[in-house]
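Order-wise, the sequence lines are chains A and B.
The first sequence maps to residues 336 to 785 in our numbering.
The second sequence maps to residues 57 to 359 in our numbering.
Yeah, the Cβ is synthetic: ideal placement off N, Cα and C, and Gly gets one too.
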Amino acid sequence: MPEKTISRRTLLKGMTVGAGVLALAGCTAPVAPGPAAPAGDAAAPAQEAVTILFWSSFTGKNGETETELVKRFNESQSDVVIDYQFQGSYEETAQKVTAALQAGTAPDISLLSDVWWFKFYLNQTLLPLDDLLNAQGVDVNDYQDSLINEGVRQGVHYWIPFARSTPLFYYNKEKWAAAGLPDRGPETWDEFMEWAPNLLEMEGEEMKTAAFTHPDGASYIAWLFQPVTWQWGGKYSDPDFTMHMTDELTVAAGQFYKDTVHTYKWARPSKDVQADFIGGLTAAAMMSTGSMGGIKANATFEFGTAFLPKKEYFGCCTGGAGLAILSRTPAEKQAPAMQYIAYASSPESTAFWSQNTGYMPVRKSALDLPEMQTYFETYPQFKTAVDQLPLTQPQDSARVFVPNGDQIIGKGLERITVQAEEVAAVFAEVQATLESEAQPVVEALRAIEG
Amino acid sequence: MASTTNLAAETKPAPIKTNKPTTTHWVGQQRSLIGRVAAYLGLVLCVLLIGLPVYWMISGAFKTPQEIYSVPPTWIPTQPTLASFPKAWNSAPFGRYYINSFVVTLFGSGFEVFFAVTSAYAFAFLRFPGKRYIFLLLLAALMVPVQVTILPNYLTVARLSWINTYQGIIIPGASVAYGAFLLRQYYRTLPTEIMDAARVDGAGHIRTLVSVVTPLAKPAIVSFALLSIVAKWNEFLWPLIVTNTKEMRVLPIGIYWLMVEEGTIDWGVVMAGTIFVVLPVLIVFLYAQRYIVDGIAAGAVKG
Chain A
336 MPEKTISRRT LLKGMTVGAG VLALAGCTAP VAPGPAAPAG DAAAPAQEAV
386 TILFWSSFTG KNGETETELV KRFNESQSDV VIDYQFQGSY EETAQKVTAA
436 LQAGTAPDIS LLSDVWWFKF YLNQTLLPLD DLLNAQGVDV NDYQDSLINE
486 GVRQGVHYWI PFARSTPLFY YNKEKWAAAG LPDRGPETWD EFMEWAPNLL
536 EMEGEEMKTA AFTHPDGASY IAWLFQPVTW QWGGKYSDPD FTMHMTDELT
586 VAAGQFYKDT VHTYKWARPS KDVQADFIGG LTAAAMMSTG SMGGIKANAT
636 FEFGTAFLPK KEYFGCCTGG AGLAILSRTP AEKQAPAMQY IAYASSPEST
686 AFWSQNTGYM PVRKSALDLP EMQTYFETYP QFKTAVDQLP LTQPQDSARV
736 FVPNGDQIIG KGLERITVQA EEVAAVFAEV QATLESEAQP VVEALRAIEG
Chain B
57 MASTTNLAAE TKPAPIKTNK PTTTHWVGQQ RSLIGRVAAY LGLVLCVLLI
107 GLPVYWMISG AFKTPQEIYS VPPTWIPTQP TLASFPKAWN SAPFGRYYIN
157 SFVVTLFGSG FEVFFAVTSA YAFAFLRFPG KRYIFLLLLA ALMVPVQVTI
207 LPNYLTVARL SWINTYQGII IPGASVAYGA FLLRQYYRTL PTEIMDAARV
257 DGAGHIRTLV SVVTPLAKPA IVSFALLSIV AKWNEFLWPL IVTNTKEMRV
307 LPIGIYWLMV EEGTIDWGVV MAGTIFVVLP VLIVFLYAQR YIVDGIAAGA
357 VKG
């Protein structure tokens, strides 16, 4: 299968003539999951195919890859037709699903991001998936544990991992070499503290190249800071919504972020960390694994990736989006809907999807596939991300389950890194806001889960 | 040229000054040299403020991805390339989006202007009970933010089974209080003598509206039509919400499709796509601008 080894860069080139994806589709036999064998046109179905409405959020390259995945599924069998519809960003999709549920125009399957699916669970609009998973013969234990477990409430699966990413440490190998550092990421933050002054490049009073860069305000800072709290031994919150923003160790982690900018002065906040990294304005940064493809395509230097640095502990969280079936889906459409979800997250599909997008392969057995092994050899930076995956854990409830929690924490972090405000005071405010915002969630949860 | 670029590129142009030709003329006569220099400086500043992003968009469309991300940024593309244009065009069905945008803008703005012209006439020249209160209601409608009406509109449209249809996109925005208000204010400045003359000659309301008021108010109507066209053409949220399939989407959603949620955006392609969107509006504006100027001149002679 030639398309499995195709690199992102080559594929991008292929798309310039606009026929890349189509050409690929033309020369590929559809991959079928499990028992559903590719049915030829000759074997026409007796009954009419079921149409499943599927809403999703991917644009650009990722959107084209998902379109291709749906196309392969539709061609692989003749019982189910997936009607794939793009609905805007994660936020817009979720809001539209909310409105559509009221209007009775909701889809059967929807892509929901890590911070949104829980809201639909709370409103009891998601279908429990275990029976359907069993009926499709899907082995839930084959999914990466940290990914599948994030969508489980009281032992029931509601949210199946699909486009999942994690934070990763990226470094510019040229700047590493110029500073005389070994070609690897720092084991610990303490080690990076020693390295950072050598990586820093000043032009008079002005910082030309930062050793490290934090995102500013944009939603990802609360996501990227999540593992740092764990590395220090702190956390945002417990699963039962007890907030821990003001814990000594969480504040210490926040203090570290502040110090990197305002005391050690080798890091700075930036509007676009990725653009800074590609432009050589920062020697290293934590970014999503999903950014790797773009960096690979646009950076003019060699880059390396590494596990996140440790402090007291190792810590790394998951992120991204998964698939869910809405509970209004009529009974006769539930099994076909699950058939697609099983297909989209099958080892073969997840290998195809991850190689073309940079999202993580969600299945353990996908890693043993020959196409994945070859890919690792040509793309060691990606292997690092996959190796780190089993060590990740689901995020704290404060960011993903509290309404707007991501923004509440993110804005607080921005006040620390940009405005150099007192960490303990800011976190105390953040904690108070989180607690009041969490109150209705806790009550709703008590009503549902007892 | 600079001023046309600015209005065409802006999504929400500033309110048009419809009725000030004479006053600016007078001020111009008395303006001192210092005042004139200051005015020109201000003008240059405006052109830079508005023109730079436009220039950045155009130059970005001709750069390679590597050059876009290079630091320091380059003003003029060092290796100009046309590659972004076919790439953008082929990433999404832009041909279809063009048709949809044309249909939605033509009918959307057509209805909006028609309702504005007629309802403003009623408010300005007709006598009917409760007129003042109805006008207050209109003003109140002017104050309601669009975001508030989105969900109710969605539910209504869904109950009418208009989701994913042209009427679903067009009808909720077919009549907007803004136009009626704007034109009513303009109509009231028209000389009553002309109205009276028309009535003496036996013109009814329809005739007065078509043959007297509309030609006199042409600059205001054309300006409002332009605003309406730009707004409909650039509208993103409502068409996104009310349509589901690729076949019903409009141009701004096409640009959105070129962006990437969690990854590196190919800005060259996005800029090329933006040029697709801006170009038709620019042409419409250049064409329609004549009428604004004509109208103002004609009015000045009469007044």
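Burial state of B/Ile339 is exposed, judged by a 10 Å Cβ sphere holding fewer than 16 other Cβ atoms. Nearest to A/Tyr555 by C-alpha distance, out of A/Gly654, A/Ile783, A/Val432 and A/Gly568, is A/Gly654. With a cutoff of 9 Å on beta-carbon distance, B/Ala148 and B/Lys302 are scored as near each other. Cα atoms of A/Phe762 and A/Leu584: separation of roughly 12 Å, rounded to the nearest angstrom.
Contact between the stretch 650–664 of chain A and the stretch 494–509 of chain A is present, with at least three C-beta pairs closer than 8 Å. In this structure, B/Asn156 places its C-beta atom within 9 Å of the C-beta atom of B/Val306.
Per DSSP, A/Gly625 lies in no alpha helix (DSSP H) segment and is marked neither H nor E. What B/Ile331 touches in chain A, judged by beta-carbon distance under 8 Å, is nothing: the nearest beta carbon there is about 17 Å away. When the five nearest sequence neighbours on each side are left out, the beta carbons in the same chain lying within less than 8 Å of the beta carbon of B/Thr161 are those of Ile285, Lys288 and Trp289, in order along the chain.
Contacts between B/Tyr153 and chain A, judged by CB atoms closer than 8 Å, are missing: the closest CB pair is about 13 Å apart. In the displayed model, B/Thr120 falls within coil according to three-state DSSP, outside both helix and strand. Interface with chain A (9 Å Cβ-Cβ cutoff): B/Pro133 is excluded.
Counting only Cβ-Cβ distances below 9 Å, B/Leu314 has contacts in chain A at Thr394 and Gly395, in chain order.
Under DSSP, A/Val487 takes part in a beta bridge, and its partners are A/His492.
The alpha carbon of B/Ala172 has as its nearest neighbour, out of B/Ala236, B/Tyr343, B/His261 and B/Val278, the alpha carbon of B/Ala236. Scanning its chain for C-beta atoms nearer than 8 Å, with the 5 sequence neighbours on each side dropped, one finds around A/His492 the residues Pro463, Leu464, Asp465, Leu468, Val475, Ile483 and Gly486, in chain order. Within the stretch 735–783 of chain A, complete alpha helix (DSSP H) segments of at least 4 residues are found at 740–752, given in chain order.
Along the stretch 519–555 of chain A, the alpha helix (DSSP H) occurs as fully enclosed runs of 4 or more residues at 524–534, listed in sequence order. Residue range Pro502 to Asn507 is occupied by the beta strand (DSSP E) that includes A/Tyr505, with no alpha helix (DSSP H) assigned at that position.
Not a single C-beta of chain B is nearer than 9 Å to the C-beta of A/Ala384. Neighbours of A/Asn633 across chain B, judged by C-beta separation under 9 Å: Pro121, Gln122, Ile124, Tyr125, Thr320 and Asp322.
Excluding sequence positions up to five before and after A/Gln723, its CB lies within less than 8 Å of the CB of Thr501, Leu503, Phe642, Leu643 and Cys651, all in the same chain and listed in chain order. A/Gly568 has a beta carbon lying at 9 Å or more from every beta carbon in chain B. Per DSSP, the continuous beta strand (DSSP E) segment holding A/Trp390 begins and ends at Val385 to Ser391. Residue pairing from DSSP leaves B/Val232 without any beta-bridge partner. Closer than 9 Å to the CB of B/Lys302 there is at least one CB belonging to chain A.
In this structure, A/Thr544 is the residue among A/His579, A/Leu702, A/Thr544 and A/Pro738 with its C-alpha nearest to the C-alpha of A/Ala602. The beta carbon of B/Tyr222 sits no closer than 9 Å to any beta carbon of chain A. Counting along the chain, A/Tyr419 sits inside no alpha helix (DSSP H); it lies in the beta strand (DSSP E) bounded by residues Val415 to Phe421. Within chain A, the residues placing a beta-carbon under 8 Å from that of B/Leu211 are Ala434, Gln437 and Ala438, ordered along the chain.
A Cβ-Cβ distance of about 5 Å is found for the pair A/Pro696 and A/Thr685, placing them in contact under the 8 Å criterion. Under the three-state reduction of DSSP, A/Tyr599 is assigned to coil, being neither helix nor strand. For the 9 Å CB-CB criterion, A/Phe591 and A/Trp524 form a contact. Any Cβ of chain B closer than 9 Å to the Cβ of A/Ile417 would place that residue at the interface, and such an atom is absent. Annotated as proximal: B/Phe118 and B/Pro133, with beta-carbon spacing under 9 Å. When the beta-carbon positions are compared, A/Ala557 and A/Gln742 come within less than 9 Å of each other.
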